[in-house]
Amino acid sequence: MAEKAAREREAASERARLGKAAAERKVNDLKAKVEAGAEETRSRLDEAVAAAREKASAAAKEAAGAGKYTVKAGDTLSTIARDILGDGARWKEIYELNKAAIGANPDVIKAGIELTLPK
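Set out below in structure tokens:
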């Protein structure tokens, strides 16, 4: 009976060792996947930041040219003010200078309109 108990303990110990090894492999696989995903995310973020900087630089150069800005699809006065003038709250100045072109609703600006920008 003691031998049987010893064999059962040994078998249970072996099952536990194998289970632990399998669990460790799974953990290591998951860690590798997380690290790969994090690296991909960092890479995409770096690309997005570079693209945003390039867009902001191009917009600033365009605005510096003649104090004019041509509205693009998706633009709002506050995003133009933020990107070109450095302060989204300055949208009101842009609106005041361009009421005739924009119309009564400053929330609706059409692509293609050329705006005069404040200094």
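In terms of our numbering, the sequence shown opens at residue 52 and continues consecutively. Beta carbons: idealized from backbone N, C-alpha and C, even for Gly. Every value quoted in this text rests on a predicted model; they were computed, and no experiment measured them.
Pairwise C-alpha distance: residue j and residue i
i	j	result
Ile164	Ala87	45 Å
Trp142	Ala83	47 Å
Asn149	Leu166	6 Å
Ala132	Ala73	57 Å
Glu98	Ile145	31 Å
Ile160	Val122	8 Å
Ile135	Ala101	17 Å
Lys55	Arg68	20 Å
Ala109	Lys71	57 Å
Asn79	Ser64	22 Å
Thr51	Ala151	There is no way to answer for residue 51, as the model of the chain reaches only from 52 to 170.
Arg66	Arg58	12 Å
Selection from the options that minimises the alpha carbon distance to residue i
i	options	result
Lys106	Asp126, Glu90, Gly118 and Glu59	Asp126
Ile153	Leu128, Ala140 and Val85	Leu128
Ala162	Asp134, Ala124, Glu147 and Leu168	Ala124
Tyr45	Arg104, Lys71, Leu168 and Arg76	The structure shown has nothing for residue 45, since the chain only spans 52 to 170.
Lys170	Ala63, Gly137 and Leu96	Gly137
Residues that residue i bridges to, as DSSP identifies them
i	result
Tyr120	Leu166
Span of the alpha helix (DSSP H), counted from its first residue to its last, around residue i
i	result
Lys161	Where Lys161 is concerned, there is no enclosing alpha helix (DSSP H), given that its DSSP letter is neither H nor E.
Ile131	Leu128 to Ile131
Leu148	Trp142 to Leu148
Contact test: residue i Cβ vs the ligand MN heavy atom, cutoff 6 Å
i	result
Lys71	Judged by which ligands are present, the structure shown has none, so any question about the ligand MN falls away.
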